[in-house]
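The next block holds one structure in the form of structure tokens; read it before the comments.
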Amino acid sequence: MIVMKFGGTSVANADRLKNVADIVIQEKEKHGSPVVVLSAMSGVTNMLIEGGQKAKERSLDEALAIVKEIRQKHIDAINELFESEETKGALLDHMNKSLSELEVLYKGVSYLGELTRRSLDMISGTGELLSSKILSAYLNANKVKAKWLDARAFIKTDGSFGNAHPLWEMTKSKTLGAVMTEIAAGNVVVTQGFIGSTSEGITTTLGRGGSDYSASIIGVSCEAEEIQIWTDVDGMLSADPRVVEDARIIPSVSFKEASELAYFGAKVLHPLTIKPAVERSIPVKILNSMNPEAKGTLITAESRNDEPICAIASKKKITALFINSLDMLMAHGYLARIFAVFDRFKTPIDLITTSEVSVSITIDNTENLEAIVEALSELASVSVMQNVAIVSVVGKHFRDQSGIAGSVFDALSDINILMISGGASDINLSMVVSSEDADKAVRNLHAKYFSKVAK
Ligand code: ADP
Ligand code: ASP
Ligand code: MG
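For our numbering, count along the sequence shown from 1 and bump the result up by 392.
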């Protein structure tokens, strides 16, 4: 069985949804019924979140106007996709029920003037429920037996709203039961990415871009043969195509390289997608729903590509903390005390470099920044630089090659590097630069390694 995940742009309107149905039908003819995991129609998750913010600011009218816009977007798709009044009626009833619940949520948020992470998850997961219902009905209307499943019944998570983690044992057994029963009955399963629920049944989300992760969780639970991530580019590229015009497709990439790239900014894949798939050696493919014939990128345990540099990635809106204290001189246990602060505030550290009396750290999640700085200030002097960027060169066997660092810094000779982190892994060399310099740094590095002329 194959899991096929389609992202927001792949389901953006009626035409795109028809195209998804064609791809699913072809897959069913080739390999039997797949499991289809859908994102919300493009832009809908952002609109839902914005509505929540507006409601919190007590601009309920604006929040309700967003509901109206979302309703219209789905009505347009439904009207274009279906002829049967009965099918249209059933879909519109379902949509109106979901959107009435959304309105109630916005009213509650506006009344309280408070938007908790828990409420936001109930709000932001609405888009996936709507898009998946439409695709499932469209397949059935085209004589492809499809079963719509509510992912919250089997993707069980902890209560970390906004960034929930799967409860693996429960999720595996529930997913296997729910999904494989339908597959065995010859049905295509259509379900939602991004959402899950706690063991008490409260809606959670897996974090922005989390539909990729959902596909992987389902693939692992059902021991799928392959997990396909269908998006709007031809595969994983040598750099973000919005930054580098001539970015190239990487035909084959290792699990390790792909997760490093995803973590350090290659938005095409949610960083957590790969780990469960690695553990079960399930290949992950990145494919283009607008160009389904293209080969895409195959992610497997070992890359089949010998190039020393695989891709350049960058991650913006990062915060750097420069921690300095003479007490660190010859002292032991100092780093442990610093790490304890980040642990206490549940904040992951991305990059770190140390010298005898200083530690520089970058973080992405700044929710507790103030409290972290306050706690660190008891140990050392701290300066904070917001809105910096990490630029990463990802490749292989960096420790066994001479000249990599030299060539990277040569490419960045006109850029002010604030921090360097290398050697932690054999496949990544990362630099921190100001956000304004990030795109230029990526282009310089890309030109160095990927453009024959510039080399
Ligand atoms: P989806 O809605 O299908 O999940 P996303 O917008 O999350 O799609 O991810 C796809 C986008 O990721 C591409 O359109 C591209 O602009 C961006 N991207 C950034 N870095 C890379 C990269 N290295 N390779 C491919 N795409 C990338
Ligand atoms: N719709 C969600 C988001 O926009 C999840 C996803 O598309 O992966 O973040
Ligand atoms: Mg995505």
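Backbone N, C-alpha and C define an ideal beta-carbon position, used for all residues, glycine too.
* His557 Cβ short of 8 Å to the ligand ASP heavy atom set -> no
* Asked: Is any heavy atom of the ligand ADP found at a distance shorter than 8 Å from the C-beta of Pro675?
  -> no
* Asked: With distances taken between CB atoms, is the gap from Ile755 to Gly688 smaller than 9 Å?
  -> no
* To do: Look at the Cβ atom of Ile394, then the Cβ atom of Gln620, and state whether they are nearer than 9 Å.
  => yes
* **Residue span of the alpha helix (DSSP H) that contains Lys480, given as start and end** => Glu477 to Leu504
* To do: Express the C-alpha separation of Ile701 and Ala846 in angstroms, rounding to a whole number.
  => For Ala846, the pLDDT reaches just 42, beneath the cut-off of 50, and the residue's location in the model is therefore unreliable, leaving the point undetermined.
* **Spatial neighbours of Asn683 in its chain, beta-carbon cut-off 7 Å, leaving aside the 5 residues before and after** => Asp626
* Apart from the five residues just before and just after Thr711, which ones in its own chain have a Cβ nearer than 6 Å to its Cβ? -> Ile755, Thr758 and Gln778
* To do: Go to Val582, then tell me how far its beta strand (DSSP E) extends in each direction, as first and last residue.
  => Val580 to Gln584
* To do: From the DSSP output, in three-state form, read off Asp742 for me.
  => strand
* How is Val845 classed by DSSP in three states: helix, strand or coil? -> Only weak support exists for where Val845 lies, its pLDDT of 44 falling under 50; the coordinates are left without a value.
* Asked: If you draw a straight line from the C-alpha of Ile812 to the C-alpha of Ser794, how long is it?
  -> 17 Å
* Asked: Among Ala772, Thr563, Gly519 and Ser805, which one has its Cα closest to the Cα of Asn836?
  -> Ser805
* So is Gly444 buried or exposed if we call it buried at 16+ other beta carbons inside 10 Å? -> buried
* Do you know how far the Cα of Thr590 is from the Cα of Asp735? -> 24 Å
* Asked: Which residue comes first and which comes last in the beta strand (DSSP E) that contains Gly588?
  -> Ile587 to Ser589
* Asked: Along the chain, which unbroken stretches of the alpha helix (DSSP H) at least 4 residues long are found entirely within the segment 622-703?
  -> 647-655 and 666-671
* Asked: Does any heavy atom of the ligand ADP sit closer than 8 Å to the C-beta of Val625?
  -> yes
* To do: Taking all protein chains shown into account, decide if Lys708 is buried (16 or more other Cβ within 10 angstroms of its Cβ) or exposed.
  => exposed
* If you drop the 5 nearest sequence neighbours on each side, which residues of the same chain put their C-beta closer than 6 Å to that of His486? -> Lys525
* **Close Cβ partners of Ala639 (< 6 Å) along its chain, the five nearest in sequence each way excluded** => Leu629, Ser630, Ala631 and Pro633
* **One or two residues paired with Gln620 in a DSSP bridge** => Met396 and Lys677
* How would you write the range of the beta strand (DSSP E) that Gly787 sits in, first residue to last? -> Ser773 to Gly787
* Asked: What span of residues does the alpha helix (DSSP H) with Thr573 cover, start to end?
  -> Trp560 to Ala576
* Throw me the rounded Cβ distance for the Val416 and Leu409 pair, which I believe falls under 8 Å. => Not confirmed; about 10 Å, so no contact.
* Asked: Looking at Val436 and Ala543, is the spacing between their C-beta atoms short of 9 Å?
  -> no
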